[in-house]
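Colleague:
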Amino acid sequence: MSYTGLKKDDVARNILLPGDVGRSKTIAGYFDTAAHIGTKKTFATYTGKAGETPISVMSTGMGGMCISIAMEELKHLGVKHAIRVGTGAGVQTDIAPGTLVIATGAVRGEGTSMEYVPVEYPAAADYRVVNALIKACEEYGEEPVVGLYRAHDAFYIETKCAHEGLMERMQPWIDADVKLIENETSILCILGHLFGIRTGTICVNLGPMCDKPAREDDEMSKIYPALLDEEYFKGRVAMCAKVAIRAMQILDANMDGGE
Amino acid sequence: MKYKSMKLTHTDGRMHHLGIRRDDIAPNILLPQTADDVIPAAALLDDAEKRGEWREYLTYTGSWKGTGISVISSGMGCMPMAIAVEELKHLGARNMIRLGTGSAIQEGIKPGTLFISASAVRGEGATLEYINYRYPAVADITAINALIQAAGEYGEKPIVGMFLSHDAVYLNKKDVPFWRERKVDLIDSETSSLLTISSLLRGLRVVSLCVASENYTDGTSIEDDVLGKRIETAGRIAIRALHIMAS
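Quick mapping for you: the protein sequence lines, in order, are chains A and B.
Counting in our numbering, the first sequence runs from 5 upward without gaps.
Counting in our numbering, the second sequence runs from 509 upward without gaps.
(1) At a Cβ cut of 8 Å, what residues of the segment 63-81 of chain A count as close to chain B, listed as they run along the chain?
(2) For residue 134 of chain A, return the contacting residues in chain B, with the cut-off set at a CB-CB distance below 8 Å.
(3) Residue 644 of chain B touches chain A at which residues, Cβ-Cβ below 9 Å?
(4) In this structure, how does DSSP classify residue 534 of chain B when only helix, strand and coil are distinguished?
(5) Going by alpha carbons, who is nearest to residue 738 of chain B out of B:558, B:531, B:722, B:669?
(6) With burial defined as no fewer than 16 other Cβ atoms inside 10 Å of the residue's Cβ, what is the status of residue 696 of chain B: buried or exposed?
(7) According to DSSP, is residue 221 of chain A part of a helix, a strand, or is it coil?
(8) Nearest to residue 534 of chain B by alpha carbon, out of B:654, B:690, B:558, B:541?
(9) Select from the segment 212-236 of chain A all residues with a C-beta closer than 9 Å to any C-beta belonging to chain B, and list them in chain order.
(10) What residues from the segment 164-184 of chain A come within 9 Å of chain B, judged by C-beta to C-beta, listed N to C?
(11) How long is the line joining the alpha carbons of residue 163 of chain A and residue 223 of chain A, rounded to whole angstroms?
(12) How is the beta strand (DSSP E) around residue 213 of chain A delimited, first residue to last?
(13) Determine, using beta carbons only, whether residue 749 of chain B comes closer than 9 Å to chain A.
(14) Is there a Cβ from chain A that is less than 9 Å from the Cβ of residue 626 of chain B?
(15) Take residue 727 of chain B as the anchor and find which of B:652, B:703, B:619, B:701 has the nearest alpha-carbon.
(16) Let's see if you can read the secondary structure: which residues bound the alpha helix (DSSP H) around residue 181 of chain A?
(17) DSSP state of residue 62 of chain A, grouped into three classes?
(18) Exposed or buried, what is residue 512 of chain B when buried is set at 16 or more other beta-carbons lying within 10 Å of its beta-carbon?
(19) Count the other C-beta atoms from every protein chain shown that fall within 10 angstroms of the C-beta of residue 159 of chain A, then say buried if there are 16 or more, exposed otherwise.
(20) Could you give the DSSP three-state label for residue 244 of chain A: helix, strand or coil?
(21) Three or more beta-carbon pairs under 8 Å between the segment 656-671 of chain B and the segment 87-98 of chain A, yes or no?
(22) So what's residue 50 of chain A in DSSP terms, helix, strand or just coil?
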């Protein structure tokens with residue numbers, strides 16, 4: 005394929021999609037077997053097995069544009085399940101840093117999905133993926149928050165380090181009970197529905213973005229409390245990936261059961 | 509909190525539009541479309557009595573296997589549904605299932621097929637006054653799961669899919685090929701309002717269960733008596749789903 009560099013049989017029918025290019029290799033390390041298929045542009049791909057379940061991980065790069073390219077090419081390669089694993093910031097202030105947040109759908113705050121379908125079209129995660137992620141969390145003793153995300157394009161407009169006017173922009177989404185902000189989930193879910201790929205997202209909450217604005221001299225850990233302890237943060241990202249891998253096993257087993 | 513409306517009542521304490529009080533309803537609610545649909549749905553409960561009738565809102569409350577359940581008409585369209593959701597929230601509603609009909613638009617789907625609304629295109633005006641269109645209309649996952657389980661117990665396997673709710677019934681067939689290509693399953697008039705406003709108000713678990721009365725793509729439909737039997741089956745499934753959600 006022209007952007008990902010992948011060809012048929014390079015990826016499994018189950019694929020994890022982190023945004024961070026460096027995170028593909030880390031996540032592949034949690035598989036039982038994994039081989040590096042290739043890295044082209046922002047797409048670093050590993051394929052192997054988790055138990056008996058065939059599974060791949062491919063980084064997408066940041067934003068709706070990147071993940072739309074990934075989905076467009078993966079639909080030609082027989083992918084059935086795609087779960088994004090990543091990080092986001094808490095829109096609600098009462099979600100503890102480090103908490104796993106599962107998307108049921110997403111506010112379409114980005115531009116890519118507008119080119120595909122009218123704005124009234126919902127970005128909804130596949131309910132089977134939501135259920136599998138919830139079940140996998142239970143198995144790991146995790147207590148995830150389950151709810152809506154907001155996906156958007158301009159990091160420095162909607163983040164703790166944003167230009168002026170952050171609260172005016174965010175208040176409608178605080179009021180609407182949106183849980184987490186990130187960049188890719190809305191177009192991921194829409195393309196999943198259009199292409200017949202079951203999709204969903206699980207992210208680590210880095211910390212609340214709307215409790216108080218960042219100051220010029222703040223360290224990253226003051227802006228995102230989950231980063232305060234580097235080992236803790238790595239552990240949370242690892243847990244997020246392991247939950248998603250287990251969810252893929254659940255989904256794959258159900259698919260073979262005739263779903 | 510932005511999404512908290514004032515409780516608007518008559519001098520005797522009845523809600524302004526629904527015409528009922530808190531003690532008139534159970535927290536588990538079945539929402540058929542019109543008053544005509546309420547009585548056959550209420551007849552599926554173990555016991556039910558009429559508790560209100562005001563405008564297009566007819567209310568019956570009773571129980572099924574020990575779970576309190578109300579059957580209340582939502583009225584036709586997203587406007588009366590929006591009012592119903594707002595006022596039922598004030599009266600302590602928790603779990604709500606719309607029981608209705610719709611028009612299938614995917615090829616090969618037979619009229620009579622049951623559909624669960626995982627999500628809905630917001631093709632109507634009511635929810636746009638609440639929040640811009642970028643906000644998705646998504647059903648509650650526990651409500652979806654309860655309907656799937658209940659349907660299985662009745663030997664049914666509904667399609668869990670995407671609805672399109674809109675305002676102009678006599679323009680129903682407009683843009684059908686467009687939405688068919690974009691994997692919309694069923695067209696109705698109330699679901700996006702139910703899902704969106706419930707999500708904004710918080711604390712409500714909602715979903716729709718609809719019977720396809722026709723298929724716009726191949727022009728097929730079913731006789732009224734056959735449709736009535738399918739709605740009865742859907743009603744039994746929805747009541748059992750409310751029972752599951754309440755336990």
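The beta carbon of each residue, even a glycine, is placed where N, CA and C say it ideally should be.
Modeller: Judging by the given coordinates:
(1) none
(2) The residue given as residue 134 of chain A occupies position 130 in the first sequence. In chain order: 649.
(3) Mapped onto the second sequence, residue 644 of chain B falls at position 136. Near residue 644 of chain B (Cβ distances below 9 Å), the residues of chain A are 108, 109, 110, 111, 112, 125, 126, 127, 128, 152, 190, 193.
(4) Counting from 1 along the second sequence, the entry for residue 534 of chain B is found at position 26. In the structure shown, residue 534 of chain B sits in coil (DSSP, three-state: anything other than H, G, I, E or B).
(5) Sequence index remark: in the second sequence, residue 738 of chain B carries index 230 (1-based). Among B:558, B:531, B:722, B:669, the Cα nearest to that of residue 738 of chain B belongs to B:722.
(6) Taking the second sequence and counting its residues from 1, one reaches residue 696 of chain B at position 188. It is buried - the Cβ of residue 696 of chain B has at least 16 other Cβ atoms within 10 Å.
(7) As a first step, residue 221 of chain A must be located in the first sequence, where it is residue number 217. DSSP places residue 221 of chain A in coil when its eight states are reduced to three.
(8) Position 26 of the second sequence, counted from the start, is the residue given in the question as residue 534 of chain B. Of B:654, B:690, B:558, B:541, the residue nearest in Cα terms is B:558.
(9) none
(10) 175, 176, 177, 178, 179, 180, 181, 182
(11) As a first step, residue 163 of chain A is located in the first sequence; it is residue number 159 there, counting from the start. As a first step, residue 223 of chain A is located in the first sequence; it is residue number 219 there, counting from the start. Roughly 15 Å between the two C-alpha positions.
(12) One-based indexing of the first sequence puts residue 213 of chain A at position 209. Unbroken run through residue 213 of chain A: none, as it is neither H nor E.
(13) Reading the second sequence from its first residue, position 241 is the one you call residue 749 of chain B. Chain A contact via Cβ: absent.
(14) Locating residue 626 of chain B in the second sequence gives position 118, where the first residue counts as 1. Yes, residue 626 of chain B lies at the interface with chain A (some Cβ there is under 9 Å from its Cβ).
(15) Numbered from 1 along the second sequence, position 219 holds the residue referred to as residue 727 of chain B. Per the Cα distances, B:619.
(16) Here residue 181 of chain A corresponds to residue number 177 of the first sequence, with the count starting at 1. No alpha helix (DSSP H) holds residue 181 of chain A; DSSP gives it neither H nor E.
(17) Indexing the first sequence from 1 puts residue 62 of chain A at position 58. Correct three-state label for residue 62 of chain A: strand.
(18) Within the second sequence, the letter at position 4 stands for residue 512 of chain B. Exposed is the call here.
(19) To locate residue 159 of chain A, count along the first sequence from 1; it is residue 155. So residue 159 of chain A counts as exposed.
(20) Position 240 of the first sequence holds residue 244 of chain A. Here residue 244 of chain A sits in helix by DSSP.
(21) no
(22) Along the first sequence, read from residue 1 onward, the residue named residue 50 of chain A stands at position 46. Of the three classes helix, strand and coil, the one that applies to residue 50 of chain A here is strand, per DSSP.
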